[in-house]
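Notes follow the structure.
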């Protein structure tokens, strides 16, 4: 599986991506809104879980690579997540700190959104985050989502939920 955008290639990650992914997931600034910090074992497990997702679902979090150099700068993809007690399709993303604020999260998530509506039967895609994670919320809005829920939980204290429907996507694609 490979998705190409103007500046990025999204592809299945593997253990060769460990160092690049560790630079993202072990960065305390990037992961400040995540329930725990990542060490070497958690990064390896992250890769293994996504390889398993590819096998079972045909999707997961994919490596986000610069098209010009092939350098991996983060991950973005579709996973099935427990959001407020219901398993829902969710687009998540993590971009290396020095590559943030350049539109890469929006570009990658938009490509995953398009892939999802073109290749799965899902009628709605979600993105959820800790209520204090404003950059992630702004990214979700940038690729077409709007806030649909907010609830208290044990992990995030409060979780914000954003979504875009297939119908909203079709209208959005007509304007792009």
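Numbering (the numbering used here), first residue to last: 27 to 202. Glycine is no exception: its CB is placed at the ideal position from the N, C-alpha and C atoms.
Judged by beta-carbon spacing, residue 50 lies within the 7 angstroms limit of residue 122, meaning their Cβ atoms are closer than that value. Runs of the alpha helix (DSSP H) lying entirely within the segment 150 to 183 and spanning at least 4 residues, in chain order: 160 to 168. Secondary structure at residue 37: strand, using DSSP grouped into helix, strand and coil. Judged by beta-carbon spacing, residue 64 lies within the 7 angstroms limit of residue 52, meaning their Cβ atoms are closer than that value. Here residue 190 is buried, its C-beta having at least 16 other C-beta atoms within 10 Å.
Considering only 71, 140, 151, the residue with the shortest C-alpha distance to residue 105 is 151. In the three-state reduction of the DSSP assignment, residue 71 falls in the helix class.
Cβ-Cβ distances below 6 angstroms link residue 188 to 153, 166, 171, 173 in the same chain, with the five nearest sequence neighbours on each side left out; the list follows chain order. The alpha helix (DSSP H) runs of length 4 or more contained entirely in the segment 36 to 121 are, from start to end of the chain, 44 to 51, 66 to 83. Residue 137 sits away from residue 35, with the two beta carbons spaced by 7 angstroms or more. A distance below 8 angstroms between beta-carbons, with the five flanking residues on each side excluded, links residue 68 to the following residues of its chain, in chain order: 51, 62. Of the residues 125, 143, 76, the one whose Cα lies closest to the Cα of residue 193 is 143. Listed as beta-bridge partners of residue 28 by DSSP are 37. In the three-state DSSP reduction, residue 123 falls in the helix class (H, G or I). Taking residue 156 as reference, the option from 134, 76, 101, 60 with the minimal CA-CA separation is 60.
One alpha carbon belongs to residue 31, the other to residue 146, and they sit about 19 angstroms apart.
The Cβ-Cβ distance between residue 132 and residue 169 falls below 7 angstroms.
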